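A short worksheet on the structure shown next.
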Amino acid sequence: MKRLVKIIVSVILISVALVALVHKTSPDVSYDLDLLNRFCQSKESNKVNYLLEHTESDRHLKSNVWDGVPVKGAIYMFVRNEQLQDARATMRSIEDRFNSQQVNGSYPWIFLNHQRFTPEFIKYIRKVANDPDQVYFGRVDLEAWHYPAWIDSHRAENAVKRMVALGIQNSYSLYHRQRMRYQTGLFFHHSLFDTVEYVWRVEAGTVYACDMLSSVHDPFVAMKLGNRKLGFTVTMKENPGSVFSLWPASLQYIRENANMIVPIEDGIMPWLMNRKHEYNFCYIWPDQELVSIAYLRSEEYKAYFHYLDLVGGFFYERWTDGSAKTIAAAMFLKKKEIKFFNNIGFTDAAATHCPFGSKLMDRCTCDYQENYNFKRNSCTINLLRYIDPPAIENMVSFAKQKLIQEEKN
């Protein structure tokens, strides 16, 4: 026992001596602060006053953000400053149609930008919100936005030229490629999503056309109660020229990671293949998706994105978030974890969805004849065969009812 006490005393004495030595040999603290100040002031933006950043970005949601809402769900928009008016129009329609229907609170909004939001953008967005305190403005980590270190920028530039010559939409845009990559596998790591369980992604310029009563049509509640991981309203077909190597790369990943993949009979993988078992380029449109953050942060999803990121197709081709995330859903999600949101009606420059059903239409101002899911480029009916067969019957019944009404008129 005495020996143990001696050892403890010796350790304490040595620790005290080391602390004294550090204090004696450490440089003056003011010198460290001066060095830090000089380093900060050496940035280029500090040498030119008009480049100074005048607004601070939000990093975290407030602790009381979930008070009054039934689910930890956030409405998310990736947007640029010049899209202010389109963003306001979209926000206004959701606030009127959905968020104002909440009895005790409202769901938060998260806006992200690869640039810093201007004071004007923040000011006029807050004016639209029913609760301005529920609006957050974050900035993308530029390390997550720019070319990764392994990407050959010369090769990427040549790919742009080749795809522009082929007339592929948005192929000229580096911003588009960066956004597709960020939306596929990085946005949900932003600290503003730390306490979020479900995200409803919306796009600037989309107008929502149907009332969504909180007690009946709340999409966040539907996702949580049904234990859903992915929700959608529209499907499309991708331009084969923009993602021509995505499917082969994904098949290679499946062969090397078969233990991660859901059994084919439990998932939607057959929906992605034609009768010859070739990729049909169908994808779930992500611009109006609802998605579980836990799913996006799962080891399976993160590993797949990491693999795609290393392959480099977001820059060497023009891989899209919709195609990549749809293949991921086919690999990792069961059919019962995917939900078709027929009740969410909207109009967008790229697509329109109007609910199938007379009772639902009574709450909407959209034109059912413009429904994208009736278009030849839609894959929705085939997908519903796997995840929600009764929805097809409802679509057919609704169409017959409308035809009868038109014949009478």
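In mature numbering (1 follows the signal peptide of the UniProt record, and there is no 0), the protein residues as written are -27 to -1, 1 to 382. C-beta atoms are modelled at their ideal positions from N, C-alpha and C, and glycine is treated no differently. It should be emphasised that the depicted structure is a prediction, and the values quoted were computed from it without experimental measurement.
Helix, strand or coil for residue i per DSSP?
{"i": "L34", "result": "coil"}
{"i": "S265", "result": "strand"}
{"i": "R112", "result": "strand"}
{"i": "Y341", "result": "helix"}
{"i": "L306", "result": "coil"}
{"i": "H141", "result": "Before going on, a small fix: residue 141 reads as Ile here, not His. Residue state, collapsed to three classes: coil."}
{"i": "T157", "result": "helix"}
{"i": "D361", "result": "coil"}
{"i": "L186", "result": "coil"}
{"i": "S351", "result": "coil"}
{"i": "W123", "result": "coil"}
{"i": "M71", "result": "Checking the sequence, you will find Phe at residue 71 rather than Met. Three-state result, F71: coil."}
{"i": "K16", "result": "coil"}
{"i": "G240", "result": "coil"}
{"i": "N230", "result": "coil"}
{"i": "V21", "result": "coil"}
{"i": "W292", "result": "coil"}
{"i": "T63", "result": "helix"}
{"i": "S(-2)", "result": "Per-residue confidence for S(-2) stands at a pLDDT of 47, beneath the threshold of 50, marking its modelled position as unreliable; the derived number appears in the next sentence. Correct three-state label for S(-2): coil."}
{"i": "H163", "result": "coil"}
{"i": "G78", "result": "coil"}
From the DSSP secondary-structure annotation, give me the bridge partner or partners of residue i.
{"i": "Y181", "result": "F319"}
{"i": "N86", "result": "R112"}
{"i": "Y171", "result": "G46, S265"}
{"i": "L203", "result": "V264, I311"}
{"i": "I98", "result": "Answer by DSSP bridge pairing: none, since I98 is not bridged."}
{"i": "H326", "result": "F319"}
{"i": "T208", "result": "I257"}
{"i": "Y252", "result": "M246"}
{"i": "F51", "result": "L85"}
Nearest CA to the CA of residue i: which residue from the options?
{"i": "S296", "options": "N316, Y256, N247, T338", "result": "Y256"}
{"i": "V207", "options": "A372, Q56, I354", "result": "I354"}
{"i": "F166", "options": "A267, Q58, Y23, P363", "result": "A267"}
{"i": "I83", "options": "A102, A195, Q75", "result": "A102"}
{"i": "P213", "options": "S265, I141, R152", "result": "I141"}
{"i": "K298", "options": "A324, F90, R270, A62", "result": "R270"}
{"i": "N316", "options": "A132, A182, H279, D260", "result": "A182"}
{"i": "residue 383", "options": "Y280, A303, F205, L263", "result": "Residue 383 is absent from the model: the chain starts at -27 and stops at 382."}
{"i": "residue 383", "options": "S146, A122, P121", "result": "Outside the shown range of the chain (-27 to 382) lies residue 383, about which nothing can therefore be said."}
{"i": "S265", "options": "E17, A47, E379, L224", "result": "A47"}
{"i": "Y120", "options": "F347, Y23, D282, K332", "result": "D282"}
{"i": "P92", "options": "R150, A138, S30", "result": "S30"}
{"i": "R112", "options": "Y49, N77, A138", "result": "Y49"}
{"i": "Y274", "options": "I227, L85, A132, E251", "result": "I227"}
Can you give the beta carbon distance from residue i to residue j, rounded, assuming they're within the 8 Å contact cut?
{"i": "F193", "j": "W173", "result": "7 Å"}
{"i": "A231", "j": "V284", "result": "Going by Cβ atoms, the distance from A231 to V284 rounds to 19 Å, so no, they are not a contact pair."}
{"i": "V180", "j": "F319", "result": "6 Å"}
{"i": "C339", "j": "T325", "result": "6 Å"}
{"i": "F287", "j": "F329", "result": "At roughly 35 Å, the Cβ-Cβ gap does not stay under 8 Å, so F287 and F329 are not in contact."}
{"i": "I300", "j": "L263", "result": "At roughly 19 Å, the Cβ-Cβ gap does not stay under 8 Å, so I300 and L263 are not in contact."}
{"i": "residue 387", "j": "D294", "result": "For residue 387 there is no data in the structure shown, the boundaries of the chain being -27 and 382."}
I need the straight-line Cα distance from residue i to residue j, nearest angstrom please.
{"i": "K219", "j": "G41", "result": "With the sequence shown as reference, residue 219 is identified as Leu, and Lys is not the correct amino acid for it. Taking the straight line from one Cα to the other gives about 43 Å."}
{"i": "R291", "j": "M242", "result": "22 Å"}
{"i": "K20", "j": "W118", "result": "25 Å"}
{"i": "R128", "j": "V44", "result": "45 Å"}
{"i": "F94", "j": "D125", "result": "35 Å"}
{"i": "Q56", "j": "A177", "result": "7 Å"}
{"i": "F51", "j": "Y155", "result": "10 Å"}
{"i": "F305", "j": "Y289", "result": "26 Å"}
{"i": "L203", "j": "I360", "result": "12 Å"}
{"i": "I98", "j": "Y80", "result": "15 Å"}
{"i": "D106", "j": "K100", "result": "11 Å"}
{"i": "H163", "j": "T28", "result": "18 Å"}
{"i": "N143", "j": "N367", "result": "36 Å"}
{"i": "K114", "j": "H87", "result": "Per the sequence presented here, residue 114 reads as Asp, with Lys not at that position. Computed Cα separation, rounded: 8 Å."}
{"i": "F357", "j": "F313", "result": "The sequence given here places Leu at residue 357; Phe does not occur at that position. Straight-line Cα distance between these residues: approximately 8 Å."}
{"i": "Q75", "j": "L186", "result": "8 Å"}
{"i": "R201", "j": "V235", "result": "16 Å"}
{"i": "V2", "j": "R53", "result": "With a pLDDT of 46 at V2, under the threshold of 50, the modelled position of this residue cannot be trusted, and the question is left open."}
{"i": "G240", "j": "S215", "result": "25 Å"}
{"i": "A322", "j": "K381", "result": "32 Å"}
{"i": "R32", "j": "T168", "result": "12 Å"}
{"i": "C352", "j": "K35", "result": "40 Å"}
{"i": "W123", "j": "Y109", "result": "33 Å"}
{"i": "M64", "j": "R70", "result": "10 Å"}
{"i": "I365", "j": "M209", "result": "17 Å"}
{"i": "V369", "j": "N247", "result": "23 Å"}
{"i": "I311", "j": "P363", "result": "15 Å"}
{"i": "K308", "j": "L224", "result": "20 Å"}
{"i": "F347", "j": "K16", "result": "54 Å"}
{"i": "L333", "j": "K375", "result": "14 Å"}
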